[in-house]
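First up is the structure itself, then whatever we jot down about it.
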Amino acid sequence: MNAQTLASAQALILFVASYKNCSSQDTFSSENPAKPPAPLGFGQLAQSLLYPLASAYSALSKALYLKERQMIHWHIVCDFDGTITPTDVIDNVLQRFAGPEWETIEQQWLDGHIGSRECLSRQLALIKASPAELLAYFDSVEIDPDFPDFVDHVMDLGASIEVVSDGIEQGIARILSRHYVTLLPILANRLRQVDHNSWRIDFPYASDACRAASGNCKCKSTPRNRRVLVIGDGKSDMCVASTADFVFAKGSLADYCVANQIPHARFDTFAEVPALLAKLPQGIAANATTFNTSADNQELFHHV
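To convert, take the position in the sequence shown, counting from 1, and add 251; that gives the working numbering.
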């Protein structure tokens, strides 16, 4: 409910109340039977017709307010690569700018022999590209066209939302800003230039306690005492999905949720997601995480 709706309802009630006593001058009195019945007074007419309408309008406005804020107890952890984008941005960077040995490292990660932190460190060290070449690629990446509207929708419902990714922060920020999504917190790994065309990757959100040995421990980013909705598509989302209250999943994450009996809804595009919100559990109790939420975890970055 917006302020204009409230003001309209209140003004209507005050208008009716101001004329409540006017009818005593205009109506037929039983003590003066000779006086002919007069038409219904203006104040009485207003009271009889408009006051019930104002009351109903006020009740409806309150209901709309509660509906609009129905996700106020929810925090959304949204993956980027393969979830917001149709393809994996890091894989595409490696295909364009790294030697073929990156695929051997990738398979070691998929097979569970190494964590994503080691995987990404070794893979990103293989990249040979200038900043201009990387930025040109980032500027070519498309996102799900319904993602911006989804963000507006869940924020209108009162939820908080962060993009939490094992990808590259600078690339994510540039891609989203090109599609007019600029105010979301982004928790991701940071690419650092070593020389004119060599790079390394830093992991500001890693945790030694991370069960998946991820570069970005997504479980660490989830707040206490709020329900957590995870939206993702793959292996990097599986650990946090197992601790979430609900999951919107596609790709291998959906299969993982089925195999592990994790409450979830399968989706393909963000156009489907608003309708799926009805599947979310009600109430304010939340799964507790094993990590404390600090100010560092909620940082809003200045992206390049």
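The beta carbon of each residue, even a glycine, is placed where N, CA and C say it ideally should be.
All values reported here derive from a predicted model rather than from experimental measurement.
S465 carries a coil assignment under DSSP once its states are collapsed to helix, strand and coil. The C-beta separation of L480 from F499 comes to about 7 Å, placing the pair in contact by the 8 Å criterion. Within the stretch 347-374, the complete alpha helix (DSSP H) segments at least 4 residues long are 353-361, listed from N- to C-terminus.
With the rule of 3 Cβ pairs closer than 8 Å, the stretch 397-404 does not count as touching the stretch 483-503.
Under the three-state reduction of DSSP output, R443 falls in the strand class. Counting C-beta pairs closer than 8 Å gives fewer than three between the stretch 361-371 and the stretch 424-434, which falls short of the contact rule. Going by DSSP, A516 is part of no alpha helix (DSSP H) but of the beta strand (DSSP E) stretching over 515-517. Secondary structure of V392 (DSSP, three-state): coil.
R475: not part of any beta strand (DSSP E); DSSP gives it neither H nor E.
Boundaries of the beta strand (DSSP E) around V415: 411-419. Contact between the stretch 376-389 and the stretch 346-354 is present: 3 or more CB-CB pairs across the two stretches fall below 8 Å.
Shown here for G483: same chain residues with a beta carbon closer than 6 Å to its own, the five before and five after excluded, namely D330, T334, L504 in chain order. Setting aside the 5 residues that flank it on each side, Q359 is surrounded in the same chain by I365, each with a C-beta closer than 6 Å to its C-beta; the list follows chain order. With 16 or more other CB atoms across the displayed protein chains lying within 10 angstroms of its CB, Q421 is buried. With a threshold of 16 other beta carbon atoms within 10 Å, E413 meets it and is buried.
Secondary structure at F497: strand, using DSSP grouped into helix, strand and coil. If you ignore the 5 residues before and after H515, its C-beta comes within less than 6 Å of the C-beta of V498, A500, C508, all in its own chain and listed in chain order. Cβ contact annotation for T336 (same chain, cutoff 8 Å, sequence separation greater than five): V392, E393, I394, D395, I426, in chain order. Between I419 and I356, the CB-CB gap reaches or exceeds 9 Å.
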